[in-house]
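Protein chains: 2
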Amino acid sequence: MAMPDKGAERKRGSGAISVYNELRREILDLTLEQGRPIDEIQLAERFRMSRTPVREALVRLAGEGLVTTLPNRATVVTAIDFLNLHTFFDAITLMYRVTTRLAASDHRPGDLALIRARQVEFARAVEDQDALAMIATNREFHAAIAAAGRNHYYEALCLRLLDEGRRLLRLYYSSFDDRLPHEYVLEHEDMIAAIEARDVAEADALARAHADQIVGQIRTMISRDQRHHIAL
Amino acid sequence: MAMPDKGAERKRGSGAISVYNELRREILDLTLEQGRPIDEIQLAERFRMSRTPVREALVRLAGEGLVTTLPNRATVVTAIDFLNLHTFFDAITLMYRVTTRLAASDHRPGDLALIRARQVEFARAVEDQDALAMIATNREFHAAIAAAGRNHYYEALCLRLLDEGRRLLRLYYSSFDDRLPHEYVLEHEDMIAAIEARDVAEADALARAHADQIVGQIRTMISRDQRHHIAL
DNA sequence: CTTACAACTTTTGTCGACACAAAAAATACA
DNA sequence: TGTATTTTTTGTGTCGACAAAAGTTGTAAG
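In order, the protein sequence lines correspond to chains U and Y. Using this note's numbering, read the first sequence as starting at 146 and increasing by one per residue. Using this note's numbering, read the second sequence as starting at 146 and increasing by one per residue.
What follows is the structure in structure tokens.
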């Protein structure tokens, strides 16, 4: 567990940010499972600061929907909404398509290098059969594509969806096999080629197929393991 | 100016929310022009509360991008980004299309009545030639369509774009003529009909044409009046 | 007259304390 | 023994105060 040094006087204004980043990471990694109540006082003690910056971090997380504030009571880690997963699949498919299209049409000199760097990291994670690293590097790959599209609205929604997907995948990461991920590597390569060729139609088609692949795999993992989302 | 009653003891937990709502309204109405610094102490005095709930409201607004926090200095009303307006037009066109499609395919019994109620309000605003009311009721009309689609990701982005558009339109509301708005009323009626008929393709086409209309009008208004966005 | 430095002012970031609300525990009663 | 009511506990929402950082003013030297 990351414990900030006691004596280290942190810079003014960095308190809320560091709590925000750390909590965000732990929520997306499922270190904090959904529904877990978050105690402001405990956090304040853990990070060696007062409740004020902790509260600011929680307000920001609530704005992103990662935590839910129950008035006068607790704030808890927002539960994954299994009942509306189809809206998530629908949205991430659209965002994969839109951002990849824009990357193909609008990317600028340095962009491809950044995307390729992420792809190298993803390929390495697949080779190492490191499911956690796959999830993280896959997110960065698509984030780089979204950044190359230079539409902040799309980019923001895409990042949010990628993070939510990261959380979802973590729930099932143990059941990853290594066959599909290798297909993902090839699909990524094709997408890069389409972006470089500025072939918007091809980029769109590849992004859609790629999204269908991932959605299909998540669906398979969920149907394989129903016990998680039966209400008690 | 809305002055909360001094003696009225507000409910615990309502402080930050009311400040948030009021500031949000004033920013979108351009009562607070872009770049205006927001003073926490002034706000605290104006709302008769301490700085803590005011700060919470500002953090939430910063999360939505409506204000920008300059570390250790002031927080200011976020400036409208005229350089990237095309990304706004692109995104709102897509969101009009996606939400109208979803409303056509997935709307449920009560949804159409809600949409029609908003359309009645919009038509009345057009009849009254009340540009400010047009802007507000148009937003509610499309928000109702987005709600009928029942995809929170799309709905959230659509609302954000509608709010940003509301701000943009306010900048130019004086140059509204009454010809185009009446076309909007007819276009809205057609969209409602397509949604009711569950004709997804038609809903998509109408939404796209409607978005093009609005984008075209905004572009016209901007080109008519260049002086606003020349850097000084 | 301009510029560099110092004291002052303003406003934010953080803190500890207190009040209030809701859940949990304890008690009374049937 | 089970249920209703009171008490206690826990933890949030709000407050006033203090300290650090950036801007501002004033002063003096070049």
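The C-beta atom is built at its ideal place from N, Cα and C for all residues, glycine as well. Because the structure is a prediction, the values reported are computed rather than measured.
Could you have a look at Thr220 of chain Y and say whether DSSP puts it in helix, strand or coil?
For Thr220 of chain Y, the three-state secondary structure derived from DSSP is strand.
Using beta-carbon positions only, say whether Thr245 of chain U and Ala348 of chain U come within less than 7 Å of one another.
yes
Let's test the definition: count the other Cβ atoms within 10 Å of the Cβ of Asn296 of chain U and tell me whether it reaches 16, buried, or not, exposed.
With 16 or more Cβ atoms within 10 Å of its Cβ, Asn296 of chain U is classed as buried.
Inter-stretch contact at 8 Å, needing at least 3 Cβ pairs: the segment 248-255 of chain U / the segment 330-349 of chain U:
yes
On the CB-based measure, 16 or more other CB atoms within 10 Å of its CB, does Glu300 of chain Y come out buried or exposed?
Residue environment: Glu300 of chain Y is assigned as buried (16 or more neighbouring CB atoms within 10 Å of its CB, all protein chains considered).
Local conformation of Ile367 of chain Y per DSSP, three classes:
helix
Take the Cβ of His231 of chain Y as the centre, count every other Cβ of all protein chains shown within 10 Å, and call the residue buried at 16 or more, exposed below.
Of the residues assessed, His231 of chain Y falls on the exposed side of the cut-off, its CB having fewer than 16 other CB atoms within 10 angstroms.
Cα-Cα separation between Ala219 of chain Y and Ala207 of chain U, rounded to whole angstroms
23 Å
Nearest-angstrom Cα distance between Leu302 of chain U and Leu302 of chain Y?
As the crow flies, the alpha-carbon of Leu302 of chain U is around 7 Å from that of Leu302 of chain Y.
Compare the C-beta of Asn296 of chain Y against all C-beta atoms of chain U and say whether one is closer than 7 Å.
Yes, Asn296 of chain Y lies at the interface with chain U (some Cβ there is under 7 Å from its Cβ).
For His327 of chain U, count neighbouring Cβ atoms within 10 angstroms of its own Cβ and tell me buried if that reaches 16, exposed if not.
exposed
Pull up the distance between the alpha-carbon of Arg157 of chain U and that of Pro216 of chain Y, whole angstroms please.
9 Å
What do you reckon, are the CB atoms on His355 of chain Y and Gln264 of chain Y nearer than 7 Å?
no
Tell me the residue span of the beta strand (DSSP E) that contains Thr214 of chain U.
Val212 to Thr214
Going by Cα to Cα distance, which pick from U:Arg200, U:Leu173 and U:Tyr165 is closest to Glu185 of chain U?
U:Arg200
Does the Cβ-Cβ distance between Leu173 of chain Y and Arg311 of chain Y come in under 7 Å?
yes
Any beta carbon from chain Y within less than 7 Å of Gln304 of chain U's own beta carbon?
What sits at residue 304 of chain U in the sequence shown is Leu, not Gln. No, its Cβ sits nowhere closer than 7 Å to a Cβ of chain Y.
Is any beta-carbon of chain U found at less than 7 Å from that of Glu201 of chain Y?
yes
Is it right to say Thr197 of chain U is buried, meaning 16 or more other beta carbons lie within 10 angstroms of its own, or is it exposed?
Of the other Cβ atoms in all chains shown, fewer than 16 fall within 10 Å of the Cβ of Thr197 of chain U; this residue is therefore exposed.
Checking 7 Å against the spacing of the C-beta atoms, do Arg169 of chain U and Val222 of chain U come in under that value?
no
Just to confirm, is the Cβ distance from Leu351 of chain U to Met366 of chain U under 7 Å?
no
Straight-line gap, Leu257 of chain U to Val360 of chain U (C-alpha atoms, nearest Å)
26 Å
Hey, Leu306 of chain U and Met240 of chain U: beta-carbon distance below 7 Å or not?
yes
Just checking: is the beta-carbon of Ala352 of chain Y within a distance shorter than 7 Å of some beta-carbon in chain U?
no
For chain Y, is any of its Cβ atoms less than 7 Å away from the one on Val204 of chain U?
The beta carbon of Val204 of chain U sits closer than 7 Å to some beta carbon of chain Y.
Measuring CB to CB, does Tyr318 of chain Y end up less than 7 Å from Ala276 of chain Y?
yes
Quick check on Ile225 of chain U: does DSSP put it in helix, strand or coil?
coil
Along chain Y, which residues have their Cβ under 8 Å away from the Cβ of Glu347 of chain U?
Per Cβ cutoff of 8 Å: no residues; Glu347 of chain U is ~20 Å from chain Y at best.
Using the DSSP secondary-structure output, state which residues sit across from Pro182 of chain U in a beta bridge.
U:Val221
Where the alpha helix (DSSP H) through Tyr298 of chain U begins and ends
His297 to Leu316
Under 7 Å between C-beta atoms, does Thr220 of chain U make it to chain Y?
no
State yes or no: is the beta carbon of Ala289 of chain Y nearer than 7 Å to at least one beta carbon in chain U?
For Ala289 of chain Y, the answer is no, since every Cβ of chain U falls outside 7 Å of its Cβ.
With a threshold of 6 Å on Cβ separation, who are the neighbours of Thr282 of chain Y within its own chain once the five nearest residues in sequence on each side are excluded?
Glu266, Phe267 and Ala270
What do you get for Asp357 of chain U, buried or exposed, if any count of 16 or more other CB atoms within 10 angstroms of its CB means buried?
exposed
Against chain Y, does Pro182 of chain U count as a neighbour if the rule is that its beta carbon must be under 7 Å from one of theirs?
no
Could you give the distance in angstroms between the alpha-carbon of Phe286 of chain Y and the alpha-carbon of Arg353 of chain U?
31 Å
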